[in-house]
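First up is the structure itself, then whatever we jot down about it.
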Amino acid sequence: SQTIHQWPATLVQPVGSPLSLECTVEGTSNPNLYWYRQAAGRGLQLLFYSVGIGQISSEVPQNLSASRPQDRQFILSSKKLLLSDSGFYLCACNWGYGANVLTFGAGSRLTVL
Amino acid sequence: DAKTTQPTSMDCAEGRAANLPCNHSTISGNEYVYWYRQIHSQGPQYIIHGLKNNETNEMASLIITEDRKSSTLILPHATLRDTAVYYCIVENYGGATNKLIFGTGTLLAVQP
C-alpha cells in the first residue's frame, strides 16, 4: 500500500514570504497526485492535481503553484504568501484506473501572520 | 462544486448504529459514491464506495437507493473513536482524471 510523507508538519510564515511544501509517495509508481487545502472550520478544497511528471492541473485561481519534478514528488509553492493562504494542506494520491480511493498524508499546517 | 448535500451535524450514542444520510440527486449513471471521514487535524480516511448495489466492509455499510439519488452510510456499532467529519462525495468527471470534490460533510459526535 502507498504511504505519503509531507513536510514540514507545521510552519508559521510572515506575509510576503515564500513557501515550499513537499510531498513524496512510497509504495506505488505513476500515481495521480493531489493538493487539497482546508481553511479553519471549512471543507477540503482541491487546489491542484497531476497525472504525471511535469503535468499540473489547477482547479482554482490563486496565489499558489504546484510542480511535479519526479514521479513520486509533488511540491506546493508560493512566491509571496497572503494571509488567506493559511490553512491545512493535504497531499493525496491514487493510482491506476480503478476506484478513486485516495490516500492522504498527515498534512502541513500553515499559519501566515 | 460538490454534488452532494449532507446534514451539518449528527449525534449518536456509543454502541448504537450511526446512520449518515446523503443526497446526490444529480448523480449520473456511471458515477460512484464515495465516503471518507476526517478525524480532527488528520488527513481524510477512505471508508467505502459504491455504484448501485449496497456495499459492506469491515468499517461500514453503504445503502444506495434504487434511483441512486441518495445514500446512507451505516456504522453498525459506533464508538467514541468514530467521532469525525464524514464526507459523501460523487466523482467529478472532466480533465485529465476523475476528481473527488469534498463538501463540508457531517460532523458525527458519538456520545458516551
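Chains as they are written, first to last, in my numbering: chain A, 1116 to 1228; chain B, 379 to 490. We put the CB at the ideal spot given by N, CA and C, even for glycine.
As a beta-bridge residue in DSSP terms, A:Ser1180 pairs with A:Ser1192.
Taking 9 Å as the CB threshold, A:Thr1143 stays off the interface with chain B. Leaving aside the five residues that flank A:Trp1210 on each side, the residues in its chain whose CB is nearer than 7 Å to its CB run, in chain order, Thr1143, Asn1145, Pro1146, Asn1147.
One alpha carbon belongs to A:Asp1186, the other to B:His418, and they sit about 30 Å apart. Look at B:Pro399: its C-beta is not under 9 Å from any C-beta on chain A.
Boundaries of the beta strand (DSSP E) harbouring A:Leu1159: 1159–1167, taken from the DSSP string.
The three-state reading of DSSP puts A:Leu1197 in coil, since its state is none of H, G, I, E or B.
Neighbourhood of B:Asn476 in chain A, by CB distance below 8 Å: Asn1215, in chain order. Counting only unbroken stretches of 3 or more residues, the beta strand (DSSP E) elements lying wholly within the region 388–446 of chain B are 396–401, 411–416, 423–428, 439–442, in sequence order.
Using beta-carbon distances, B:Ile479 counts as an interface residue toward chain A, with a partner under 9 Å.
By the Cβ-count criterion, B:Tyr471 is exposed, with fewer than 16 other Cβ atoms from all chains shown falling within 10 Å of its own Cβ.
Non-local beta-carbon contacts of B:Tyr465 in its own chain, meaning distances under 6 Å to residues more than five positions away in sequence, involve Tyr414, Phe480, Gly483 in chain order. Rounded to the nearest angstrom, the gap between the Cα atoms of A:Leu1126 and B:Ser387 is 30 Å. Two segments are said to touch when three or more pairs of C-beta atoms, one from each, lie closer than 8 Å; by this definition the region 385–403 of chain B does not touch the region 1148–1167 of chain A. Look at the region 1216–1228 of chain A: the residues with a C-beta under 7 Å from a C-beta of chain B are Val1216, Leu1217, Phe1219, Gly1220, Ala1221, Gly1222. Counting of Cβ neighbours within 10 angstroms places A:Pro1133 among the exposed residues, the total staying below 16. Interface criterion not met: the Cβ of B:Glu433 is under 9 Å from no Cβ in chain A. Setting aside the 5 residues that flank it on each side, B:His427 is surrounded in the same chain by Tyr410, Tyr412, each with a C-beta closer than 6 Å to its C-beta; the list follows chain order. Less than 9 Å divides the Cβ of A:Leu1159 from the Cβ of A:Leu1205.
In chain order, Ile426, Leu440 place their CB closer than 6 Å to the CB of B:Glu433, counting only its own chain and leaving out the 5 sequence neighbours on each side. Within chain A, Arg1157, Gly1158 have C-beta atoms less than 8 Å from the C-beta of B:Thr482, given in sequence order.
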